[in-house]
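Heads up: the structure comes next, in structure tokens.
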Amino acid sequence: MTVATQVRPDRINRCCGAKPDSKRPFTRPLTAWMAPVYHRAMSKELKTDYLIAGAGIAGVLVASKLAASGKQIILLDQGPRFTEIDRSAMLQRSKQTLNDFADYNDDLDETVVTPCNSASAGSGIAEWAPMRLFGIGGTALHFEGLMLRPREDDFNVRSLYGFGRDWPIAYSELEPWLLRAEKEVGVSGNEDNPYASSRSGPFPMPAHEFSHFDREIFGPALASLGMTGHSCPRATNSQPYGGRSACLACRICKFCPSGARYSPDRRHVPELDTHTNVTILDSVSLRRLETGPDNKDITAAHGVDVRDASTIVIRATQFIVAMGGVETPRLLMLSAAGGSHKGGLGNLGGQLGRGFSDHLNPYVTFDIGRPVGSRLGFETMICDHFRAKVDRREKPTFWMLASPAMDWFPIGVEAAAWSTHNDVLDLNALRTRIPHIATLATMTELEGEGTLELDDSALDAFGSPMAKITLPLTERDRLGPAQLHDLAPKLADAMGASHVSEVTPAEFGLGYHPSGTTAMAKTADDGVCDPNLKVFGLDNLYIVSNSVFPHMGANPPTLTIAALALRLADHLEGGNGR
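In the working numbering, the protein residues as written are 58 to 635.
What follows is the structure, given as structure tokens:
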């Protein structure tokens, strides 16, 4: 059986790929793990020292560092374990169907890909739809590999600028772990960013060379406006590293045939498979955590095998939840217990589900008026100017990139409009114009005024309430796209562009980086977990995810998540977190 789907170009995100939708432009045969046939199945009980729920980059890195302890570890995920054959088949079919937006979870049913709800748009509320992946490797299976660091002042936005929440740890405390994460994953970059906070060591490999467009068009335009273009840190090898080849410029980074882009299932999972004390369970949906009689610790995790609906109970000494920015807080809510945990695990101070945030990714399209070349598959130059040179008391920070558009971005609307005169489309003008088109995009921070709660009116495939996201965009949030509106004409002039499009709507690009609803804090009055990521009120439950960020700056969260995962593993085995 196959599933036919349709393209939704209006939902495409410039920076990161396609927005999710119930109808996707990829047709693919269903395998056994995609279409479970439920039958009467026996339950089973497992025991371990560490249970790690969630096998994305956070869970995998924690497991990889704990494996050497010799203690028993179970690492599980709700999604399947994709093989290289699966990856190759997805790539081939995406090319055969001319669909560059095909993705790993396109055909998985809702027993695997847990749906969630967004509050109705309007009155300042933005529509929110997730782009997270389920499977061994998590969302890092398809991520673009952006590995920007936070800035030092991202940790003190409340104290310095009067919005958001401060972190309970300083940048200086996390910086050594950021460096270790760069080495563990393999990040290419140069120390050429004049806007960056301090580093204690170099990148593990040099940055990719600037493309023709970045070197000859974007970089000079930035310089003419007093800004500096610099290398973009990426988890894509510029030279052989970690047993993976250098980038071969295949320009199909989501499936990366060469393996140059980091993916946990290619780098760390094979190593975990060699450890006899590590068990990896795919296709297990964790439904709730059970507390002990005194509600001071977790005694068991209850799950369901999505392939046959058999129940699984896992008893462990330590529990680590690494299920991402939506499923992590949702699990804590679904596990509400007696005493101080009636509103959800760790909700002693009423903070669970508060502070939901994400990034905006607005963009504009330019006709540069001359050939712009093609992409390597990703951008080689970015600019952090507006992460450092903006008054954060008044406006949000953002970073920007620009890119040739014709080989990967839907530019037909603008190109056709600019090639139409007196209601007649000039095909010769259109053919000439398309190789001249580029895009300019930003990734912009939000205040983080959203909430995540259980929606009792909408249940998932197992009868549990879905997560409901309510994300109001504040006046300050909307100043991010407004800054791009002011900047775009200036950059267009500097690049010699003949046409520039309107900026996309303010809410464009949400869904990739959900964060903030289980914030770390010094006390339960301000968050859900302590600076070592232990959930308040429970002795053996830890969480590691971007949900623990008190505030997320403009940088993508992946490197920070990886650093927190390494720091947590060190803490669990008696380290000092430094």
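For each residue, glycine too, the CB sits at the ideal point set by N, CA and C.
What you are looking at is a predicted structure, and each value in this text was computed from that prediction instead of being measured.
| Asked | Found |
| --- | --- |
| Within 10 Å of its beta-carbon, does V474 have 16 or more other beta-carbons around it, so buried, or fewer, so exposed? | It should be noted that the sequence gives Ala, not Val, for residue 474. A474 comes out exposed. |
| Take the Cβ of E241 as the centre, count every other Cβ of all protein chains shown within 10 Å, and call the residue buried at 16 or more, exposed below. | buried |
| Counting only the same chain and skipping the five closest in sequence on each side, list residues whose C-beta sits under 6 Å from that of L338. | L133 |
| Mark R189 as exposed unless 16 or more other C-beta atoms lie within 10 angstroms of its C-beta, in which case mark it buried. | buried |
| Suppose you measure from the CA of T348 to the CA of I600; what does that come to, to the nearest Å? | 16 Å |
| Please identify the residue among E506, S521, K547 and D512 whose C-alpha is closest to the C-alpha of E532. | E506 |
| Can you give the Cα-Cα distance for T88 and A366, rounded to whole angstroms? | Bear in mind that the predicted position of T88 carries a pLDDT of just 35, short of 50, making it unreliable; the figure below should be weighed with that in mind. Cα to Cα, the separation comes out at about 17 Å. |
| Is DSSP giving N162 helix, strand or coil here? | coil |
| Kindly indicate which three-state DSSP category Y599 falls into: helix, strand or coil? | strand |
| Nearest CA to the CA of S604: which residue from A306, P571 and G566? | P571 |
| Determine, using beta carbons only, whether W234 and M577 come nearer to each other than 8 Å. | no |
| Smallest Cα separation from F413: which of L625, C304, R291 and F606? | F606 |
| Of the choices V481, H478 and R488, whose alpha-carbon is the least far from that of I468? | R488 |
| Helix, strand or coil: which one does DSSP assign to S514? | strand |
| Determine the contact status of I371 and T105, defining contact as a CB-CB distance below 8 Å. | yes |
| What separation, rounded to the nearest whole angstrom, lies between the Cα atoms of L484 and V470? | 13 Å |
| Can you tell me the Cβ-Cβ gap for T17 and S558, rounded? I've got them flagged as a contact below 8 Å. | Absent from the structure is residue 17, since the part of the chain shown begins at 58 and ends at 635. |
| Quick one, are the C-beta atoms of Q135 and V341 less than 8 Å apart? | yes |
| Compare the Cα-Cα distances from L282 to each of L503, T615, F139 and M552 and report the closest residue. | M552 |
| Cα-Cα, which of E630, E504, G360 and A554 is closest to G111? | G360 |
| Give every residue of the same chain whose Cβ lies closer than 7 Å to the Cβ of V119, excluding the five residues on either side of it in the sequence, and list them in chain order. | I109, I377, A379, V601, A622, L625 and A626 |
| Beta-carbon within less than 7 Å of N213's beta-carbon, same chain only, minus the 5 sequence neighbours each way: which residues are those? | D223 |
| Taking only runs that begin and end inside the segment 181-241, name each unbroken alpha helix (DSSP H) of 4 or more residues, in chain order. | 214-218 |
| On the DSSP bridge list, what partners appear for A357? | E347 |
| Considering only DSSP beta bridges, list what T501 is partnered with. | L417 and F455 |
| Any heavy atom of the ligand ADP closer than 7 Å to the CB of C307? | For the ligand ADP, the structure offers nothing, since it holds no ligand at all. |
| What distance in whole Å lies between the Cβ atoms of L236 and G202, which are believed to be in contact at a cut-off of 8 Å? | With a Cβ gap of about 18 Å, G202 and L236 do not count as contacting. |
| Assign V421 to one of two classes, buried (16 or more other C-beta atoms within 10 Å of its C-beta) or exposed (fewer than that). | buried |
| Return yes when the Cβ of I114 is within less than 8 Å of the Cβ of T615, no when it is not. | yes |
| Just reading off the beta strand (DSSP E) that A524 is part of, what are its end residues? | P522 to P529 |
| Distance check for K547 and H325, CA to CA, integer angstroms please. | 45 Å |
| Assign H478 to one of two classes, buried (16 or more other C-beta atoms within 10 Å of its C-beta) or exposed (fewer than that). | exposed |
| Using the rule of at least 16 other Cβ atoms within 10 Å of the residue's Cβ for burial, across every protein chain shown, is F519 buried or exposed? | exposed |
| Is F443 helix, strand or coil by DSSP? | helix |
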